[in-house]
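Protein chains in written order, with the numbering used here: chain S, 1 to 237; chain R, 238 to 474; chain H, 475 to 711; chain P, 712 to 948; chain B, 949 to 1185; chain L, 1186 to 1422. For each residue, glycine too, the CB sits at the ideal point set by N, CA and C.
6 protein chains.
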Amino acid sequence: MRPSGRAADALRPVFIETGVTKHAEGSCLIRCGDTHVLCTASVEERVPPFLRNTGLGWVTAEYGMLPRATTTRNRREAQAGKQSGRTQEIQRLIGRSLRASVDRVALGERQITVDCDVIQADGGTRCASITGGWVALRLAVNTLLKAGEIKSDPLTDHVAAVSCGIVTGTPVLDLDYTEDSNAGTDANFVMTGSGGLVEIQGSAEGATFSRAEFDQLMNLAEIGVRDLVAAQKDAVE
Amino acid sequence: MRPSGRAADALRPVFIETGVTKHAEGSCLIRCGDTHVLCTASVEERVPPFLRNTGLGWVTAEYGMLPRATTTRNRREAQAGKQSGRTQEIQRLIGRSLRASVDRVALGERQITVDCDVIQADGGTRCASITGGWVALRLAVNTLLKAGEIKSDPLTDHVAAVSCGIVTGTPVLDLDYTEDSNAGTDANFVMTGSGGLVEIQGSAEGATFSRAEFDQLMNLAEIGVRDLVAAQKDAVE
Amino acid sequence: MRPSGRAADALRPVFIETGVTKHAEGSCLIRCGDTHVLCTASVEERVPPFLRNTGLGWVTAEYGMLPRATTTRNRREAQAGKQSGRTQEIQRLIGRSLRASVDRVALGERQITVDCDVIQADGGTRCASITGGWVALRLAVNTLLKAGEIKSDPLTDHVAAVSCGIVTGTPVLDLDYTEDSNAGTDANFVMTGSGGLVEIQGSAEGATFSRAEFDQLMNLAEIGVRDLVAAQKDAVE
Amino acid sequence: MRPSGRAADALRPVFIETGVTKHAEGSCLIRCGDTHVLCTASVEERVPPFLRNTGLGWVTAEYGMLPRATTTRNRREAQAGKQSGRTQEIQRLIGRSLRASVDRVALGERQITVDCDVIQADGGTRCASITGGWVALRLAVNTLLKAGEIKSDPLTDHVAAVSCGIVTGTPVLDLDYTEDSNAGTDANFVMTGSGGLVEIQGSAEGATFSRAEFDQLMNLAEIGVRDLVAAQKDAVE
Amino acid sequence: MRPSGRAADALRPVFIETGVTKHAEGSCLIRCGDTHVLCTASVEERVPPFLRNTGLGWVTAEYGMLPRATTTRNRREAQAGKQSGRTQEIQRLIGRSLRASVDRVALGERQITVDCDVIQADGGTRCASITGGWVALRLAVNTLLKAGEIKSDPLTDHVAAVSCGIVTGTPVLDLDYTEDSNAGTDANFVMTGSGGLVEIQGSAEGATFSRAEFDQLMNLAEIGVRDLVAAQKDAVE
Amino acid sequence: MRPSGRAADALRPVFIETGVTKHAEGSCLIRCGDTHVLCTASVEERVPPFLRNTGLGWVTAEYGMLPRATTTRNRREAQAGKQSGRTQEIQRLIGRSLRASVDRVALGERQITVDCDVIQADGGTRCASITGGWVALRLAVNTLLKAGEIKSDPLTDHVAAVSCGIVTGTPVLDLDYTEDSNAGTDANFVMTGSGGLVEIQGSAEGATFSRAEFDQLMNLAEIGVRDLVAAQKDAVE
C-alpha cells in the first residue's frame, strides 16, 4: 500500500493551468500532487555564439527552487553565489529533453528559454519541469506561429517525463517525496508522445537492480507518460 | 487621468491569499494589481553569530525575482553568481522594515526568514513584499504561539508599505510600472498600523522636488497604508 | 549636550582640500570632523552599453573603505570577493545624487566615475562622499571646459548631503559615530544649492518616528546643506 | 565497419597501471584506447559534517580534465572560477557509482576521495574514471587493511562502467570520440562485478530510441563490463 | 641623464608622516617622490588556524591601489570580485619581508595586519609599501610595548626595500614610472638595517642581464636601503 | 651529507619524455627526481586584445597541481573557485621566463599557451615547469615551422630554471622537498642556454643571507642550468 493510497501504476493528480503570467510568450503552472512548478517560455531574437548565422534556433532551460519550496528552508542559490551541481544537472536534462521535440531549422535563428521554478516540492520536480516546460514551449511557439514569425511548426512531438522507483520491493509510478526517500532504485524516463525514448536515468540507492526490475519500471513509465501527454493535450487545446 | 483610470489616492486592487505553500510556517501570495509576490516565513531555531546566547531573536528577509516576472527576461541571479545591488538594497529594506514591528526579546533566540519572490512584476514590488511579508511573518508567529513555542506575542504592530510619486505634475498613490517609468519623483513609505513612520525613501528622477510636494506624497501614503493594513487584517483574521 | 559639545544645528568642521592626486581630472580630500574621504573624478571617453550612440553622458560613483578606516579592522572587500550590500547601496546613492546636477546632453557621450574612498571613518561617510564627490566632479568638468572638450557647463547646481538624527530625544545635525550608534531615528538628506530635494532616506532604529519629528530633521538638514554648499564654493573657487 | 576496425562488441585495449604516484594511498593510470585517466584515492581521517559521529564512512569523487587533454585547448576551470555543469555532473556520477560497492559501516568514520584527472581524452572519460577510480579505491582500502586501520573489507564488489551507442544504425560498445560525435543514441552503464546495475544513463541525440534498441545496448554493456572487471582483477592482484 | 635629473644613485625625496589615522595601532603615509602609500598596522588578538595554541604570533600584509592612483583609472578589485595576480604577488612579498624582522615568540599569539593602500602611484609601490609598512609595524609594536601587552621588543631590525634597474644601459636607483616602463632589467631588493638580504627579485624585460650588471644593481640597492632606513629612523624616533 | 646522497652541486636525475599527448602541438613529461610535470604547448590563431593587429605573437603559461600531487591532498582549485596566490605567482613567472626566449615578431600574431600540470611534487615544481615548458614550446614551434606556418625560428635560445638553497649552512643545488622545508635561504634562477640571466628570486626563510652566500648560489645555478639545457637538447633533437 502506497502512503498516498495510489495504485502502483497511478500518477498523482495532474493539473496544468496555462497563461499564468502576463509577460511570458508561453507559461503554465503544473501541479503533480504537491509538486508545483511555474514554467515560462521566453522568446529572444538572438542565439548563443556557436549558432550565429547558422539559421538554427536554440531551446534551453533553467531550473530553480524557491528557498522554502522544501520541508526545511534551503539557501538561496543567488545568495550562495552559484547554482548547485544538482541544479545544473537538472537544467541540462530539461534542455536536452525539450530539444528532442524541436526542429531547429523550422524554429529559425532565435532562442527560447524555458524557466522552471519550483514553488512547492514533493518529489519529481525535474519530471514536472519537463512536462510543464513542454507546455510553456508549445504555447510560446503558438504565439510565434500566430504572429507569423515562423511559418511551419517546429515542434515535432510532445515530450513528458515521469519518475518510477522500487519502494520496499514494489515497482511504483510517480514517486512522491516520502517514497523517493525510501526507494531502493530511482529512475526518470523522458519520452515523446509517440512513445520514443529521449532520456533514461536510473540509479541504485543502496542495493543494485536487475534488468528485470528495470523493465518493470519502464512499463510503468510508458503508462505514466501516456497519461501526462493526455494532460498536456487538454491544457494546450 | 491615470493610465489605470484610478483616482490619485486609490490603491490598485489588493488580494492577499494565505497558506499558499504547505511547508512554510507562514505564507501568502499578495497581488497588488499585476504585481504578484509570494511571501514565505521560515522559522529556524538558530540565530546569526552576533546574537548567540543573547536571548534575542532575529527577523531577516531575502528578495528575488523570477527571470520572466518582467516584460523582457532578466538573467537569473543564481546563474550570474551574485545578487544585484538593487536586490540587496531591497532585501535589506524589507528586513529593517519588518524588524520595526518585532519585540526581539519576546521572539526568543530564533530566526524567522521572510522570502519574497516576485512571480509577476508591474511596479511596487518592494512595497508589496513588505506588506505581504508582514502577513507571512504574522502567520509564522501565530504558528509558534499556537504550538506554545513562545508565550507572548512578539509582533507589536502591523507594518505595510506603499509607493507614491509625482507623475506629470500630479502626486499619485501606488504607482504601476508605466507610472513609475514616467515619475519625476518617486518615494516609498513604510509605516506601522498606528501611523508611525518606519522608513522613508524619496528620490528625484530628473528634476528635484520641494518640501511641499513631499508633504503631499506623505499625505497619500497615509491613506494607502491605512487601506493596506485593513487588507492585512482581513487576510490574517 | 552633544558629546562633541556642538550645538544641535552645528556641522562638524569641514575642510575640502582640492587637487590632492596628480592623475585624476578632479580630486579632493574632504574632512568632516574625523571622517575623511578621498574623492577623485575620472573622465573616460566611453559610456555604458545602454548609452552608446545616444549623445548622452553618464556619471557614476564607486565607494570603498580602507580596511582600517574604522575602529576595528574590516575585511578588505577585494579579498572577500565582493562588495557588501551596504557598499553597493551607498555607491548607488552617490551616483544618483550626483546625476541630479548633471545635464547629460551638455556633458556629451563620455563617462565620469567618481571614486569615494574613506580613509578614516567617524559617521556620515556617505554624506561626506556626496559633498566631496560633487567637488571632484566640478573640478573634472572644469578641466574638460578649459580643454575645450565641452562647450557649455553640464553642472546645473551644487549637490551636498548631510545626516540628521534624533539622539536621546533631541534632533541634531551631522551625527558623528557615537551619536549615530545611539540615534533612535537616522536620516540622510541630499539637496541642491538652490534648496531642491534630491534624496531623502529616513530610518527608524527601534521606535518609529512621527511626521513632526521628521520635519524637524528636515529643518536641520536645510541649515547643514547651506553650510556645506558654502564650503564647496570656497573649495572650487 | 567501425573507424577503429573493432567488432561491434569489442572494447578498446585496456591497460591499468597501478601505483603511479608515490603519495596517494591508492592510484592507477587507466588507458582505454587513447583515453587516459590518472586516478588517485586519498584517505582522510574526517568525514563531511552530516556524517560526524555516525560511525559511517564516505567515498566521494572529483573529476578534472587537463586543458589540452582534448583536440583543442579548453579553458582551465580553476581559471574560469568554477567547475562546469558537465564536470559536476560527471563527478557526482563517479561518486555515486563507487559508493555502490562500499559498506560504509566497515569503512569506519573516514573519507576516501577519488580524483580522476583526464590526461588525454578520446571519448568515454567518465566510464574510464569509474573503472580506474574503483582500482584506486581498492588499492587505498588495501593499504588501510594492511595497516590494520580497518578490520573487514568494506568493498563488496567491483564497479566498472562502459558506454554504448547507436552509430549510423548499429549498436556498438565503448565509443571513441569520433563515434561519440556521430552517435544517434549514447548510453552509459555502471555495473558491479556480479552483474547488478548501478547507474543507467541513456540519451537521444537527435532522433529518439526504442526499447528494443536500448536492450541491445544493455547486452553490449554486459559484455564490456565483464571484460573491464577482468582487467581490474588483473591490475589489483 | 634621468628624467627627474637625479644622479644614478639618488633616491627620490622620501617623506614619512606617522600617526595619520586615529584608529590604527600604527600608521604612516610614505611618499617616495610621487608614489604615496598609506600604511596601517592593525593588532588583533587572534592568529590564523595553523598557529592556534602555539604561542607564536603572525604578521601579514594586504595591498591595494585606489582606482585612480594611476594615470588612467583601473577597475576596482572589490568590483571585479577578486584580487589580481599582481596584487596577490605583491602582498605576499610584503608579508614575507616584514616577517623577516619579527621574533614571533616575543610577539606572542596575536596577529598584526599591515595594510598598504596606494593613494598615488609613480613606480616602486611595492618597495614603498615595505618601507612604510615596517614603520607602521614598528609603531604598532611600540603601542603594544607601551601598554605592557608584550614585554620584549619582537622587532629585530629594520626592513626596507628599493627598486633598481638598467635604463638605456645605465644602472639606476629607485625607478619612477617613466624609467620603469623603459627599463631593460628591473630588480627589487629587500634588506635589513644591518645589511642582510631578505628578498631579491630580478627580471629581464626583453634582453637578459649578466652577473656583472646584477652586481651593479645590488651596489645601488645597498646605498638606497641605507638611506631609507635612515628615513625610517627619523620617522619613528 | 644531503638526504638523497647527492653532491652539493648535483642535480636530481632528469628525464624528459616528449610527445606524451596526441593532441598538443608540443608536449613533454619532465621528471626531476620525484617531481613530475606534464607540459603541453597549444597553438591558437588569436592573441589577447592588447596585441590585436600588431603582428606580434604571445606566449603565456598556466600552472596547476593535481590534488594528490602532494603528501597530503590539497583542495582542487577549480572546486575552490579560484587559483591561489601561489599558483598565479608561479604561472606569471613561467610565462615571463619563456617569453625571454621568443622573438614575437617572428612568431607572428598567434598565441602559444604552455600548460604545466604537476602530476607528482617533490620540490622545485616551478623550475621543472619552466625547463619542461620550454621543451613543449620548442616542439610546438617546430610543428609550426614544419607546417610552414612561420618562416624563421622565433626561439632565440634555451630557457631553463633551477632552485638553490642554503641548507644547514651549506649551499646546495636543486632542492627536493625535504631540503626545501629546511632551507634557510631559497632561490630560483632562470637562465638562457648562453648563460644570460632571465629571472632571479631569492628569499630568506628565517635568517637573512649575505651577498657572498648569494654568489655561491648563483655559481651552483650556472652548473645546474648548463646540465638542464643539455637535457633539453637531448630531448628535442
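1. Does the stretch 769-785 of chain P come within contact of the stretch 823-843 of chain P, defined as at least 3 CB pairs closer than 8 Å?
2. List the whole-angstrom C-beta distance separating H/Asp596 from H/Asp508, where the pair is believed to meet the contact cut-off of C-beta under 8 Å.
3. With 16 as the cutoff for other CB atoms within 10 Å, does H/Ser516 come out buried or exposed?
4. What residues in its chain sit with their C-beta under 7 Å from that of L/Phe1200, if we drop five residues either side in the sequence?
5. Taking C-beta pairs closer than 9 Å, name the residues in chain S that P/Glu773 reaches, listed in chain order.
6. Where in the stretch 31-90 of chain S do unbroken runs of the beta strand (DSSP E), each at least 3 residues long, occur, reported from the N-terminal end onward?
7. Got a sec? Which residues, its chain only, sit under 8 Å from R/Gly443 by beta carbon, not counting five neighbours each side?
8. Name the DSSP beta bridge partners of L/Glu1384, please?
9. What does DSSP give as the partner residues of H/Thr492 in its beta bridges?
10. Out of R/Thr291, R/Lys259 and R/Asp471, point me to the one whose CA is closest to R/His395's CA.
11. Determine, using beta-carbon pairs with one atom in the stretch 1264-1279 of chain L and one in the stretch 790-805 of chain P, whether at least three such pairs fall under 8 Å.
12. List in chain order: all unbroken alpha helix (DSSP H) runs of 4+ residues lying wholly within the stretch 1071-1133 of chain B.
13. Using DSSP with H/G/I as helix, E/B as strand and the rest coil, what is B/Asp957?
14. For a cutoff of 8 Å on Cβ pairs, would you count R/Pro408 as touching chain S?
15. Label S/Pro171 either buried or exposed according to how many other C-beta atoms from any shown protein chain fall within 10 Å of its C-beta, with 16 as the threshold for buried.
16. What did DSSP end up calling H/Asp591 once you bin it into helix, strand or coil?
17. Would L/Gly1203 pass as a contact of L/Leu1324 if the rule is Cβ separation under 8 Å?
18. For R/Thr445 versus H/Gly606, is the C-beta spacing smaller than 8 Å?
19. So which of H/Trp608, H/Ala602 and H/Asn656 has the shortest CA-CA distance to H/Arg486?
20. Could you pull the DSSP bridge partners for R/Ile349 from this structure?
21. Which one of R/Ile387, R/Thr324, R/Gly345 and R/Phe426 has the shortest CA to CA distance from R/Gln453?
22. Which residues, taken in chain order from the stretch 425-442 of chain R, show a beta carbon closer than 7 Å to some beta carbon of chain H?
23. Report, in whole angstroms, the separation of the C-beta atoms of L/Ser1348 and L/Gly1309, which I expect to be a contact under 8 Å.
24. Assuming contact is defined by CB atoms lying nearer than 8 Å, are B/Met1139 and L/Arg1396 in contact in what I supplied?
25. Of the residues P/Gly935, P/Thr783, P/Gly737 and P/Leu767, which one's Cα is nearest the Cα of L/Ala1209?
26. Out of H/Ala661, H/Leu581, H/Arg573 and H/Val609, point me to the one whose CA is closest to H/Ser626's CA.
27. Less than 8 Å between CB atoms is the rule here; does P/Ala839 satisfy it with respect to chain S?
28. Do you know offhand how far P/Arg720's Cα is from P/Ala915's?
29. Does the CB of H/Glu583 have a neighbour CB from chain B at under 8 Å?
30. From this set, B/Val1053, B/Val1089 and B/Arg1040, which residue's C-alpha is nearest B/Thr988's C-alpha?
31. Does the beta-carbon distance from H/Leu567 to H/Leu611 come in below 8 Å?
32. Looking only at DSSP bridge pairs, what is P/Val813 linked to?
33. Using 8 Å as the threshold, is the C-beta distance between P/Pro865 and P/Asp897 below it?
34. Closer than 7 Å by beta-carbon distance: list the chain B residues that pair up with H/Ser516, in chain order.
35. Within a Cβ cutoff of 6 Å, which residues of the same chain sit near P/Gly806, ignoring the five residues on either side of it in sequence?
36. So is B/Ser1049 buried or exposed if we call it buried at 16+ other beta carbons inside 10 Å?
Let's see:
1. yes
2. 4 Å
3. buried
4. Arg1216
5. Chain S residues near P/Glu773: none, gap ~11 Å exceeds 9 Å.
6. 35-44 and 58-65
7. Gly421
8. B/Ser1151 and L/Val1375
9. H/Cys502
10. R/Asp471
11. yes
12. 1073-1094 and 1125-1130
13. coil
14. no
15. buried
16. strand
17. According to the sequence shown, residue 1203 of chain L is Thr rather than Gly. Yes; because the gap between Cβ atoms is below 8 Å, this pair is in contact.
18. no
19. H/Ala602
20. R/Val280 and R/Val296
21. R/Phe426
22. Thr429, Gly433, Leu434, Val435, Glu436, Ile437, Gln438, Gly439, Ser440 and Ala441
23. 5 Å
24. no
25. P/Thr783
26. H/Leu581
27. no
28. In the sequence as displayed, the identity of residue 720 of chain P is Asp instead of Arg. Approximately 20 Å, taken between the alpha carbons.
29. no
30. B/Val1089
31. no
32. P/Leu866
33. no
34. Arg1016 and Arg1021
35. Thr771 and Ala772
36. buried
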